[in-house]
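Student:
In the numbering used here, the protein residues as written are 62 to 325.
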């Protein structure tokens, strides 16, 4: 009987046998790309924390209160809404309602990411904290499940670290600022909202909702207490989300066509 010892194979044959499959190699590349993207998003997003920290302490919060918001609430839009209402003279209840309403979107992200990410234990708790716009966006565009998980954790952890770091820097700066209006910090929340919103205006429907919400906020500001115009504007998106989707006149589904116009 002729036996074959694997150790007798040539180095080239062993190398070919041990090389990862094309699928494994592509997944590894996708994971590395997702991690790099998550880190870059974390650094860029973290810079907004300077504006938040400065606005928070200039609006009457102390450094510890500002840092607790960043560490526990940890969702930029809600944090800016909270300190914006407080700085405008609104009540703590109005500020909390505005923050909660804007934070509801993170729950929707969590539902979308549930099949890919852990749901229980310490990792599940960490995932719930790190589910934000940036981590959800990186995960959604990462490709295979392993890359989605890598992108989510890379972006979530990077944003958390840099956001809290720069929030502390901004809070220390804000303590030395007398009148927020003298430094333009009274407009910092609005500017940050625009910076976060602009890249998401990618369709006519989204632009229409944004314009309608801005109009509602504009007419509500002179007549409603601080904090309530934000809630009124946010209700525009809620109402639109509850409306049935428009259907094309030729049916619910549009068949794909090839270059010759024939049905695929």
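Where is the CB? At the ideal position from N, CA and C, for every residue including glycine.
Using beta carbons (cut-off 7 Å, strictly below), is residue 110 in contact with chain C?
Tutor: Of the protein chains in this structure there is only one, and it is not chain C.
Student: Under 8 Å, with one C-beta from each stretch per pair, do the region 210–229 and the region 118–138 reach the 3-pair mark?
Tutor: Touching, per the Cβ criterion.
Student: Quick check on the burial criterion: 16 or more other C-beta atoms within 10 angstroms. Buried or exposed for residue 310?
Tutor: Confidence at residue 310 is low in this model, with a pLDDT of 41, below 50, so its placement is unreliable and the value that follows should be read with caution. It counts as exposed.
Student: Just to confirm my understanding: we take residue 127, look at its own chain, exclude 5 residues before and 5 after, and list those with CB closer than 6 Å. What are they?
Tutor: The answer, listed in chain order, is 114, 117, 118, 232.
Student: Helix, strand or coil, according to DSSP, for residue 123 in the structure here?
Tutor: Here residue 123 sits in coil by DSSP.
Student: Under the three-state reduction of DSSP, which class applies to residue 149: helix, strand or coil?
Tutor: Three-state DSSP puts residue 149 in coil, outside helix and strand.
Student: Do the region 193–200 and the region 160–180 meet, that is, are 3 or more Cβ pairs less than 8 Å apart?
Tutor: Yes, the region 193–200 touches the region 160–180.
Student: Indicate the three-state DSSP secondary structure (helix, strand or coil) for residue 237 in the structure shown.
Tutor: Here residue 237 sits in coil by DSSP.
Student: I need the boundaries of the alpha helix (DSSP H) containing residue 182, first residue and last residue.
Tutor: Its alpha helix (DSSP H) spans residues 182–191.
Student: Skipping 5 residues on each side, what residues in its chain have a beta carbon closer than 8 Å to that of residue 321?
Tutor: Low local confidence applies: a pLDDT of 43 at residue 321 is under 50, so the model's placement there is unreliable, with the coordinate-based value given in what follows. For residue 321, where only same-chain residues beyond five positions count, there are no Cβ hits under 8 Å.
Student: Would you give the residue range spanned by the alpha helix (DSSP H) that residue 199 belongs to?
Tutor: Residue 199 -> alpha helix (DSSP H) spans 194–201.
Student: Does the distance from the C-beta atom of residue 219 to that of residue 100 stay below 7 Å?
Tutor: Result yes, Cβ atoms of residue 219 and residue 100 sit closer than 7 Å.
Student: Which class does residue 207 belong to by DSSP, given the choice of helix, strand or coil?
Tutor: Three-state DSSP puts residue 207 in a helix.
Student: Use the C-beta contact count for residue 136: other C-beta atoms within 10 angstroms, 16 or more gives buried, fewer gives exposed.
Tutor: Counting Cβ neighbours within 10 Å, residue 136 comes out buried, since at least 16 surround it.
Student: If I'm right that residue 236 touches residue 124 with Cβ under 8 Å, what's the distance once you round it to whole angstroms?
Tutor: Confirmed, Cβ separation roughly 7 Å.
Student: Is it true that the region 205–222 meets the region 148–162, where meeting means three or more beta-carbon pairs spaced less than 8 Å apart?
Tutor: Result no; under three Cβ-Cβ pairs closer than 8 Å.
Student: So what's residue 178 in DSSP terms, helix, strand or just coil?
Tutor: Three-state DSSP puts residue 178 in coil, outside helix and strand.
Student: Distance check for residue 202 and residue 91, CA to CA, integer angstroms please.
Tutor: In a straight line, the C-alpha of residue 91 is about 10 Å away from that of residue 202.
Student: Determine the burial state of residue 168: buried for a count of at least 16 other Cβ atoms within 10 Å of its Cβ, exposed for fewer.
Tutor: Burial call: exposed.
Student: Considering only their Cβ atoms, is the gap separating residue 223 from residue 88 smaller than 7 Å?
Tutor: Not closer than 7 Å, so no.
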